[in-house]
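S.K.: Every position in the sequence shown, counted from 1, becomes a number in my numbering once 1298 is added.
Just passing along the structure, written as structure tokens.
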Amino acid sequence: MQEKHCSRCGATFGCGRDEASCWCVALPLLPRDKLDPAADCLCPRCLAAAVDDATAAPTETDTDACAADPDSHA
Ligand SMILES: [Zn+2]
């Protein structure tokens, strides 16, 4: 397993890109606009956090939809 350094926190972690599969395939893919092509892979913790941010952080439009005025449901 290839040793890599997280581009976010600098932690050392193993990348299985040159093996049958990498642990990162178990995680959802990041949206393309969340990926920094110049950056290296992220460690498991940071990748999970990045996926979390990308999937949980609502856009402004989504926030508005979620914060719908309860009175509007009456
Ligand atoms: Zn990291």
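Note that beta-carbon positions come from the ideal geometry of N, C-alpha and C, so glycine has one too.
Please tell me whether P1305 and L1340 are closer than 8 angstroms, where the distance is taken between their beta carbons.
M.R.: Taking the first residue of the sequence shown as position 1, residue 1305 is located at position 7. Taking the first residue of the sequence shown as position 1, residue 1340 is located at position 42. Before going further, note that residue 1305 is Ser rather than Pro in the sequence given. A contact, by the Cβ cut-off of 8 angstroms.
S.K.: Taking just the CA atoms, how far does P1342 sit from C1322?
M.R.: As a working note, residue 1322 is residue 24 in the sequence shown. As a working note, residue 1342 is residue 44 in the sequence shown. If you take the alpha carbons of C1322 and P1342, they lie about 7 angstroms apart.
S.K.: Less than 7 angstroms separating the Cβ of L1333 from some heavy atom of ligand 1?
M.R.: On the sequence shown, position 35 is the one that residue 1333 refers to. No, the beta carbon of L1333 sits no closer than 7 angstroms to any heavy atom of ligand 1.
S.K.: L1325 and A1352 look like a contact to me (Cβ under 8 angstroms); what is the Cβ gap, rounded to whole Å?
M.R.: Within the sequence shown, numbered from 1, the residue matching residue 1325 stands at position 27. Within the sequence shown, numbered from 1, the residue matching residue 1352 stands at position 54. Not quite, the Cβ-Cβ distance comes to about 11 angstroms (not below 8 angstroms), so this is no contact.
S.K.: Between which two residues does the beta strand (DSSP E) carrying C1313 extend?
M.R.: Taking the sequence shown and counting its residues from 1, the one referred to as residue 1313 is at position 15. Residues 1310 to 1313.
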